[in-house]
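Student: Following this message is one structure expressed as C-alpha cells.
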Amino acid sequence: MVWKRLNDHGKNWRHVYKAMTLMEYLIKTGSERVAQQCRENIYAVQTLKDFQYIDRDGKDQGVNVREKAKQLVTLLKDEERLREERIHALKTKEKMAQTSSGADPEQAWPQSSGEEDLQLQLALAMSKEEAEQEERLRRGDDLRLQMAIEESKREKPKSEESTLMELSAVDPWGAPAATTVGSAGPSPPPTVPAPSASGPWGTAPTDPWGMLAFYYLSFTSTELQILNR
C-alpha cells in the first residue's frame, strides 16, 4: 500500500506525503528488512524529489513531498545515521509504551526536537492504523447487512408463492374440492321418475266412458227398452 501511494501525483500530494511519513516511521522502528527493502527501491523515493503541485491559490504544495523525499534518500544512503536513528526511535517507542501503561509522564517527555518529531510521526501512524481498522470493521458490517437484505429479497417471492398456492386450494364457500376426472368411474345417468299411477288427490284415475259402458251392459233388455223410449 505504501509503494502504491508513492505513485500518486498532483492533487493527491497528501497521500504521497503521508505514505513517506509512514515509511520513515517503519524504517526507524520496524524490522531491519523494511530498511533493506527501502534501500533496494530507493529510486521510487528519489523520483519524488521532483514532485510538483500548485493548488488553486497558487501555493506550492509539492514542496512538502520534495523535502520529505530528500530526507528519506539521505537517511537510506547513510547506514551509520540510520542505525543511530533506529536506536533512538526504539527508545522513544518504548517510552511511549510506558506512558500508555501508567509510567511517569516526565520520563516520556521528548528531550529534543528530533524526538518530538518522531513521537508525532508515531502518533500519526498509530492513529492511521486505528482509522484503517475501524474502516475495515465498518465495511464488514455493511457487507453483512447487504447480504442479509439480498437473502431477504430472495426468500420473499417464495413465501408469497406458497401463500398463493395455499389460498387457491381453499374453496371460499366451504365446498369440498372437485374430484379429478378419471380418479373415479363415470357418473350414472340421471334417473327420470316414472309417472305416478295415482291422481292428484292420491286416487287412481277413472275412465268415464268405460264406466258408462259397464253400466249399460248390465241393464236388462226390458230396462234398455224403457231407456230408449
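Counting from 1, one number per residue, gives the positions in the sequence shown under the UniProt record's numbering. Just so it is clear, CB atoms sit at the ideal spot from N, CA and C, and this is done for glycine as well.
Assess, as a yes-or-no matter, whether the region 27–34 is touched by the region 44–63 under the definition of 3 or more beta carbon pairs within less than 8 Å.
Tutor: With the cut-off at 8 Å, the region 44–63 and the region 27–34 do not touch.
Student: Below 8 Å CB to CB, which residues in the same chain sit around M20 once its five sequence neighbours on both sides are set aside?
Tutor: Along the sequence shown, one-based indexing puts residue 20 at 20. Excluding positions up to five away in sequence, the list reads L6, V45, L48, V65, K68, A69 and L72.
Student: Would you mind working out which of L82, L124 and L90 sits nearest Y17, comparing C-alpha positions?
Tutor: Numbered from its first residue, the sequence shown carries residue 17 at position 17. Checked all of L82, L124 and L90; the closest Cα to Y17 is L124.
Student: For D78, which three-state DSSP category applies?
Tutor: The residue given as residue 78 occupies position 78 in the sequence shown. Correct three-state label for D78: coil.
Student: Which first and last residues belong to the alpha helix (DSSP H) in which R14 is found?
Tutor: Along the sequence shown, read from residue 1 onward, the residue named residue 14 stands at position 14. W13 to T29 is the span of the alpha helix (DSSP H), which, as asked, contains R14.
Student: Name the two residues that bound the continuous alpha helix (DSSP H) containing Y43.
Tutor: Translated into positions along the sequence shown, residue 43 becomes position 43. Unbroken alpha helix (DSSP H) run through Y43: I42 to Q46.
Student: Could you say which of E130, C38 and W13 lies nearest to residue 236 if we only look at CA atoms?
Tutor: Absent from the model: residue 236. The displayed extent of the chain is 1 to 229, so no value can be given.
Student: How many Å lie between M96 and R86 at the Cα?
Tutor: Here residue 96 refers to the residue found at position 96 of the sequence shown. Here residue 86 refers to the residue found at position 86 of the sequence shown. Answer to the nearest angstrom: the Cα atoms are 15 Å apart.
Student: Taking its Cβ as the centre, do 16 or more other Cβ atoms sit within 10 Å of T92, making it buried, or is it exposed?
Tutor: Counting from 1 along the sequence shown, the entry for residue 92 is found at position 92. It counts as buried.
Student: In terms of residues, what are the limits of the alpha helix (DSSP H) holding R5?
Tutor: The residue given as residue 5 occupies position 5 in the sequence shown. V2 to L6 is the span of the alpha helix (DSSP H), which, as asked, contains R5.
Student: Using 8 Å for Cβ pairs, my map puts K128 next to L22. What's the rounded Cβ distance?
Tutor: Residue 128 sits at position 128 when you count from the first residue of the sequence shown. Residue 22 sits at position 22 when you count from the first residue of the sequence shown. Indeed, because the Cβ distance is near 7 Å, the residues count as touching under 8 Å.
Student: For M147 and L137, what's the separation of their Cα atoms in angstroms?
Tutor: Looking up residue 147 in the sequence shown gives position 147. Looking up residue 137 in the sequence shown gives position 137. Straight-line Cα distance between these residues: approximately 15 Å.
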